[in-house]
Amino acid sequence: MSDIHAEVLVLGGGPGGYTAAFRAADLGKKVTLIERYPVIGGVCLNVGCIPSKALLHMAQIIHEVDEVASHGIKYGKPSFELEKIKGWKEGITKSLNTGLAALIKQRKITLVHGVGSFASANSIVVESESGSQTISFDHAIIAAGSQPTEIPVFPNDDPRLWDSTDALELHEVPKKLLIVGGGIIGLEMATVYHALGSQISVVELMDQIIPGCDADLVRPLHKRIKKQYENIWLETKVEEIKSLKKGLKVSFSGKKAPESETFDAVLVAVGRRPNGFKIAAEKAGVKVDDMGFIQVDEQQRTNIDNIFAIGDIAGNPMLAHKAVHEGKVAAEVISGIKAGFDALTIPAVAYTDPEVTWMGLTENQAKKDGIEYDKASFPWAASGRSLSLGRNEGITKILCDKETGRILGAGMVGPNAGELIAEAVLALEMGADAEDIGLSIHPHPSLSETFGFAAEMITGTITDLYIKKK
Amino acid sequence: MSEIIEIKIPDLGGADSVEIVEILIKAGDTVEKEQTLAVMESDKATMDLPANEAGTIQEVIFKVGDKVSQGTLVAMLKREGEVAAAVEEKPAEAAKVAAQPAAKVEPVEVVAEVKAPVTAVVSEAVVSQGKAHATPSVRLFARELGVDLSRVTQGSGRKGRILREDVKAFVKKVMSQGVAQGTGAGIPSIPEVDFTQFGEIETQPLSKIKRLTGDHMVRVCLNVPMVTQHDEADITEMEDFRKINNAGKPEIKLTGLVFIIKALVAALKKFPQFNSSLSADGQSLIYKKYFNIGIAVETPNGLMVPVIHGADQMSLNQLSEALGDLSSKAREGKLPPSAMQGGCMAISSLGGIGGTAFTPIVNAPEVAILGVSRSKMQPVWNGTEFVPRLMLPLDLTYDHRVIDGAEAARFLVALTQYLGDIRRLLV
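Which chain is which? The protein sequence lines are A and B, in order. For the first sequence, the residue numbers in the numbering used here are 565 to 1034. For the second sequence, the residue numbers in the numbering used here are 859 to 1285.
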């Protein structure tokens, strides 16, 4: 006998899960939400996007204070009270947790804390400290997320070997910190700990940091952090990490890396693994692939008709904003709305300093697929707004269809670039072309202007630069 | 050595996609020049595909049910006199050719090869360029309606963007086509009945013409609000004149129908709204300055409506000739597509068979049709006494979106007056 029956059961209370639950409730469904942690919000809110942004904000202030010193404003050397910083960060997540709890209450969603695993295609068992209970459901939405990838041969029990969650805890500021993985998460944490005074080394297997992003967008970031950090070792593999008393001895193999070096802490940020194997999906008949992903169709439906999957567990990219939209689609489809996930792009942002962001077609992909494109890169050195921020390394890049001028992709690097990409996404979804973008008036002086300028470079109407006619 | 030539579909006189209904050749057949290789059917006419050269068929590339246009490659033919060369290359096949007398051309099994879906793809020939140019809300709207945006070819928004209205228009278009195909989106279908439970049955396929007519009739009935009105024309004197004329043993005998055509043209001139069509969006009326009269003709394969073009320019004799020519061509299935296009109003005459009245269906986009039943000698009150008069029952069905009842009544009155006293046609 089941204790609760849900019309829609959502497994996992991250951004995808709670969005799905809220949308389903708003569409009149009786919803039960299962969350294994005491607080709602998942990785994003508790140990991901939000706390990391709080710390990055702080890091930015530290940098800016440092930079204005050369412009004639001196504050002196900052001192840190880690506990207070932690408290501030936790205050932010707490206020969001509280907000979510209120939204759950307002929507009369049944919140069950515990670890859920399927018992059948219509029921799930939730284990918690207070015992286990069975919940039956008409429809289920799996939103069980992902977790940081662990490398089994590393001494994972050593407290000096961190994953992103540990890094966000802010237990200590190690003198020498190695970041394994030059992706977005690794570099964001590098930014934070660098600001707090750690000596940072980054090791990346591929030939550039933020693999997958176009090299020209990464270059200004690489150039800047190269000066700030001790080392950035590309095309380098970590062979071994040994726990020694004085630190973690890391052995490398790669062109420029040393044979080994000892660090006070090592952050492993080599990606995330979906939690597909942790929910007894097989008991519901839901197929999970070798990687742990659950394949879904455009309606977020798994191979089992009444079971849907969204977010990290349903495939890459593992981004909260993708999960949120997928969650809405799943809830709407279950409620009889003919929805589908057909977004043209999912933007990516690295909140590094400078920020790196891109959306739509990358140049790498266009070259690989043989897609003809027109390209323009507007240098922020010609942007008054950027210069007035004391920065000149940014770039706004736009790729347009050679025939029609329609926007295919865009990318930016520079302070606050992450805020600028939204306009490019809108342009892509609306099918705007370079002319449309150039003719839309952007406020002056602003960083957003650079997007308009880049479009004008495509149409040949730019006046803020002088480009010789071909 | 051996020259292989391609057999392609010749100019079809304007028809751009005709269906292959019968193939009379197969690989290895020897054909003579002008020999019929296949039969094609368009609109309601069938056409023969002749061999442009004599020779041996190497390969038949088309199938029954394929839709072809001018230039479509249908077969490969090896020119006559070069069979010897083929013998060297492929003795086995040549032996087969030799074993088959040249004259004996066996028709290919037709029914077994009917392959329908091929046709739709050809006629649409719409290839979308990547993702459709539509905003997220329009994409959602399309999804709700189940519209594949790649099939909405022309957006009416700025720079060809597909707007909500375009999706709606597309749905309307598809819906009307869907009805024609009998899929009847939204319209309850007639449930299937197993007739064998009541007794012995035999199932025979409908002829192509019957199917086409059926589709057209359903389309018209669903789209056009129709009203039928009836009247009678006193044709006593018209018949007298006709009989006197024919008794003189003229080269061309006149039928009653040509008088009706003549009278109809006169009525159309007087009431131009009957010689019109509604624009596709229903917002305007298109008046026609020409007078082409369609005549419903019964043929062995079904109903056909050949059109007498420029009927206003013709004498009774010329009309008689044209009518005779079109009717016999229709019965033989030899009408070119052009002879069935461009009608202004049609006449469906059942007078030769019988009946007192019926309700013909308008041949849309025409807006009216005239039905003619069997004339009968009737007592008519002339004010003082009953006199025997030959009365012709007329039925007028019209599109009520274009024509009102009073107009239709006036039209019928005018028509009966023309027929009642044919001298009026001269006025």
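Cβ coordinates follow ideal geometry from the N, Cα and C atoms, glycine included.
9 Å Cβ cutoff met for residue i and residue j
i	j	result
residue 932 (chain B)	residue 895 (chain B)	yes
residue 611 (chain A)	residue 713 (chain A)	no
residue 1002 (chain B)	residue 1014 (chain B)	no
residue 690 (chain A)	residue 796 (chain A)	no
residue 1167 (chain B)	residue 1200 (chain B)	yes
residue 813 (chain A)	residue 798 (chain A)	no
residue 746 (chain A)	residue 773 (chain A)	yes
residue 941 (chain A)	residue 1009 (chain A)	no
residue 913 (chain A)	residue 748 (chain A)	yes
residue 752 (chain A)	residue 616 (chain A)	yes
residue 573 (chain A)	residue 688 (chain A)	yes
residue 1004 (chain B)	residue 842 (chain A)	no
residue 696 (chain A)	residue 678 (chain A)	yes
residue 1093 (chain B)	residue 1169 (chain B)	no
residue 925 (chain A)	residue 935 (chain A)	yes
residue 708 (chain A)	residue 868 (chain A)	no
Distance between beta carbons of residue j and residue i, contact taken as under 8 Å
i	j	result
residue 974 (chain A)	residue 966 (chain A)	That pair is no contact at about 16 Å.
residue 1002 (chain A)	residue 1016 (chain A)	6 Å
residue 755 (chain A)	residue 620 (chain A)	6 Å
residue 760 (chain A)	residue 737 (chain A)	5 Å
residue 1136 (chain B)	residue 1257 (chain B)	7 Å
residue 1009 (chain B)	residue 991 (chain B)	Their Cβ separation, rounded to whole angstroms, is 13 Å, which puts residue 1009 (chain B) and residue 991 (chain B) out of contact at 8 Å.
residue 1273 (chain B)	residue 1125 (chain B)	5 Å
residue 705 (chain A)	residue 883 (chain A)	Residue 705 (chain A) to residue 883 (chain A), Cβ: 18 Å. No contact.
residue 984 (chain A)	residue 1012 (chain A)	6 Å
residue 895 (chain A)	residue 671 (chain A)	Actually they are not in contact, since the Cβ atoms of residue 895 (chain A) and residue 671 (chain A) sit about 12 Å apart, beyond 8 Å.
residue 847 (chain B)	residue 869 (chain B)	Nothing can be reported for residue 847 (chain B): it is not among the residues displayed for chain B, which extend from 859 to 1285.
residue 878 (chain B)	residue 922 (chain B)	6 Å
residue 594 (chain A)	residue 571 (chain A)	4 Å
DSSP beta-bridge partners of residue i
i	result
residue 1145 (chain B)	B:1134
residue 916 (chain B)	DSSP output for residue 916 (chain B) lists no bridge partner at all.
residue 1236 (chain B)	B:1247
residue 964 (chain A)	A:938 and A:971
residue 944 (chain A)	Bridge partners of residue 944 (chain A): none, in fact.
residue 836 (chain A)	A:712
residue 1198 (chain B)	Paired residues: none, contrary to the question.
residue 980 (chain A)	Residue 980 (chain A) pairs with nothing; no bridge assigned.
residue 1157 (chain B)	B:1160
residue 1086 (chain B)	B:1255
residue 906 (chain B)	B:897
residue 573 (chain A)	A:596 and A:704
residue 676 (chain A)	A:598
residue 826 (chain A)	A:813
residue 889 (chain B)	B:913
Interfacial residues, the stretch 1048–1062 of chain B to chain A, with Cβ spacing under 9 Å = Listed by position, the residues of the stretch 1048–1062 of chain B near chain A (Cβ gap below 9 Å) amount to none.
Kindly confirm or deny that the stretch 1048–1056 of chain B and the stretch 1139–1157 of chain B touch, where touching means at least three C-beta pairs closer than 8 Å.
-> The stretch 1048–1056 of chain B vs the stretch 1139–1157 of chain B: no contact.
Going along the stretch 1000–1033 of chain B in order, which residues come within less than 7 Å of chain A, judged by CB to CB distance?
-> Listed in chain order, the positions of the stretch 1000–1033 of chain B with a beta carbon within less than 7 Å of a beta carbon of chain A are 1001, 1002, 1017 and 1019.
Should the stretch 867–879 of chain A be called in touch with the stretch 574–582 of chain A, which here means at least 3 C-beta pairs below 8 Å?
-> By the Cβ test, the stretch 867–879 of chain A is in contact with the stretch 574–582 of chain A, since at least three Cβ pairs between them sit closer than 8 Å.
Please list the residues of the stretch 1207–1240 of chain B that have a C-beta atom closer than 7 Å to any C-beta atom in chain A, keeping them in chain order.
-> Within the stretch 1207–1240 of chain B, no residue has a Cβ that lies closer than 7 Å to any Cβ of chain A.
Chain B contacts made by the stretch 874–893 of chain A, where a contact means CB separation under 7 Å | Those residues of the stretch 874–893 of chain A that come within reach of chain B (Cβ to Cβ, closer than 7 Å) do not exist; the list is empty.
Taking a cut of 9 Å between CB atoms, which residues from the stretch 906–928 of chain A lie near chain B?
-> Under the 9 Å Cβ criterion, the stretch 906–928 of chain A contributes 906, 907 and 908.
At a cut of 8 Å, does the stretch 861–869 of chain B reach the stretch 909–922 of chain B through at least three beta carbon pairs?
-> Yes: at least three Cβ pairs fall under 8 Å.
Just by C-beta distance, which residues in the stretch 991–1004 of chain A are closer than 7 Å to chain B?
-> Result list: 993, 994, 995 and 997.
Selection of the stretch 1012–1032 of chain A by Cβ proximity to chain B, strictly under 9 Å | If the cut-off is 9 Å between Cβ atoms, the stretch 1012–1032 of chain A has nothing near chain B.
Between the stretch 968–983 of chain A and the stretch 908–926 of chain A, are three or more C-beta pairs nearer than 8 Å?
-> Inter-segment contact for the stretch 968–983 of chain A and the stretch 908–926 of chain A is present: three or more beta-carbon pairs are separated by less than 8 Å.
Is the stretch 763–775 of chain A touching the stretch 848–865 of chain A, taking contact as three or more C-beta pairs under 8 Å?
-> They do not touch, by the three-pair rule.
Validate contact between the stretch 1215–1232 of chain B and the stretch 1177–1191 of chain B using beta carbons, cut 8 Å, 3 pairs | No, the stretch 1215–1232 of chain B is not in contact with the stretch 1177–1191 of chain B.
Taking a Cβ distance cut-off of 7 Å, strictly less, list which residues of the stretch 848–868 of chain A are near chain B, in chain order.
-> Flagged: no residues at all.
Interfacial residues, the stretch 976–989 of chain A to chain B, with Cβ spacing under 7 Å | Listed by position, the residues of the stretch 976–989 of chain A near chain B (Cβ gap below 7 Å) amount to none.
The stretch 1005–1025 of chain A contacting the stretch 978–997 of chain A, beta-carbon criterion three pairs below 8 Å = With the cut-off at 8 Å, the stretch 1005–1025 of chain A and the stretch 978–997 of chain A touch.
Any chance the stretch 824–839 of chain A sits against the stretch 652–661 of chain A, with 3 or more Cβ pairs inside 8 Å?
-> Between the stretch 824–839 of chain A and the stretch 652–661 of chain A there are fewer than three inter-stretch CB-CB distances shorter than 8 Å, so the stretches are not counted as touching.
Going along the chain, which residues of the stretch 1250–1276 of chain B sit with their C-beta nearer than 9 Å to a C-beta in chain A?
-> Under the 9 Å Cβ criterion, the stretch 1250–1276 of chain B contributes no residue.
Mind the definition here: the stretch 1093–1112 of chain B touches the stretch 1178–1185 of chain B only if three or more C-beta pairs lie below 8 Å; say whether that holds.
-> Touching, per the Cβ criterion.
At a Cβ cut of 9 Å, what residues of the stretch 893–904 of chain A count as close to chain B, listed as they run along the chain?
-> So the list reads 901, 902, 903 and 904, given in the order they occur along the chain.
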